[in-house]
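For reference, the structure is listed below as structure tokens.
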Amino acid sequence: MKKILTSIALCAFVMISTDTIKASGWIQNIRTVPSSPVAGDTIYILIDVSFSSGGCDLVNSSYLWNGNALNIQAYHCLGPLTYICDVTDTFKIYPLDTGTYTVDAAEYEGDFMGGPTCSTFTVADSKSINFQVTSIPTLVNDLNKSGGIKIQLEKEGKLIIEISDQKYLNASFKLYDYSGKEISSSTLSENSNHFSVSGISNGIYFYEVRQPDGNSKSGKILPEN
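Residue numbers for the sequence shown follow numbering that gives the first Met the number 0, beginning at 0 and rising by one.
Okay, here's the thing in structure tokens:
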């Protein structure tokens, strides 16, 4: 009787262990960065994936356009450890025209029992989303409109700031790209200020003007031809 109970317990353990190490993955989320892209933006597709074993290294990936549909495939080689392995697969998509686009993503997992090369892959999960690329909105430069200062950013990297209201004299000026990274910082020490800024491309830029008295104003600007 004791041997029978021992055998039953052993079988149960084997069944639980086998079920535990059975790998499976699922897509948590698909998103774009920026979240509301406009024409001219460089777009990133981010796929948040979880696997029930790890590690979960990405060993290969590809994407292919079919009209306005983007087909993405990502291949992960899973390790034998039992834990939730979270990973984000990132794909850089170059600027798109305005329109509605579809992302069809398929995540593949390799059988870690098949050897270190993970040559056998099966679909873990697939998911689709739609996103829109809109036209660049008409931007109103409040500082230009209200007078006192005129800001002009040219695509070849010239930044020209003309001051007609002396309250902006010796103000600090900062320019940021769409991700919030500061790309230029200067002091407006003249009525006509000319600066060179590298890496200017299509898209929206943000600026901040801080006057010597501490007051500041900010806005958006588009590079001009």
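Glycine included, each C-beta is placed from N, C-alpha and C at the ideal position.
query = Does DSSP put K180 in a helix, in a strand, or in coil?
reply = coil
inquiry  = Just verifying my parser: in three-state terms, what is the DSSP assignment at K154?
reply    = coil
request  = Can you tell me which of S178, F130, D176, N201 puts its alpha carbon nearest to the alpha carbon of S98?
outcome  = Reading the sequence as shown, one finds Gly at residue 98 and not Ser. Of the listed residues, the one whose Cα sits closest to G98 is F130.
task = Could you spell out where the beta strand (DSSP E) holding V86 opens and where it closes?
result = 84-92
query = Which residue's Cα is closest to the Cα of L152: G202, E223, Y177?
reply = E223
request  = For T137, name the three-state secondary structure that DSSP assigns.
outcome  = With a pLDDT of 47 at T137, under the threshold of 50, the modelled position of this residue cannot be trusted; read the value that follows with caution. Here T137 sits in coil by DSSP.
Cut-off 6 Å between Cβ atoms - residues of its own chain near P211, not counting five sequence neighbours on either side = N169
task = State the start and end residues of the unbroken beta strand (DSSP E) segment that holds I220.
result = 215-220
message = Bridge partners for Q131 per DSSP, in chain order?
response = The secondary-structure analysis by DSSP pairs Q131 across a beta bridge with T99.
P79 burial status per 10 Å Cβ neighbour count (16 or more: buried) = exposed
inquiry  = If you measure between the beta carbons of S52 and W25, is that distance less than 8 Å?
reply    = no
inquiry  = Taking 8 Å as the threshold (C-beta atoms), are A68 and Y107 in contact?
reply    = no
key: Where Q27 sits in the DSSP three-state scheme   = Three-state result, Q27: strand.
query = Taking Cβ to Cβ, would you say I46 is nearer than 8 Å to I150?
reply = The answer is no: Cβ separation not under 8 Å.
message = Less than 8 Å between the beta carbons of D85 and L57, yes or no?
response = no
key: Contacts around N190, its chain only, beta-carbon distance under 6 Å, and the 5 residues preceding and following it disregarded   = I162
task = Go ahead and label K1 buried or exposed: buried means 16 or more other beta carbons lie within 10 angstroms of its beta carbon, across all protein chains shown.
result = Its pLDDT being 43, under 50, K1 is placed unreliably by the model, and the measurement read from it follows with that caveat. Label assigned to K1: exposed.
inquiry  = Given this structure, state the Cα-to-Cα distance separating Y204 from G179, to the nearest angstrom.
reply    = 9 Å
query = Distance, Cα to Cα, D312 vs T41?
reply = With the chain covering only 0 through 224, there is no way to say anything about residue 312.
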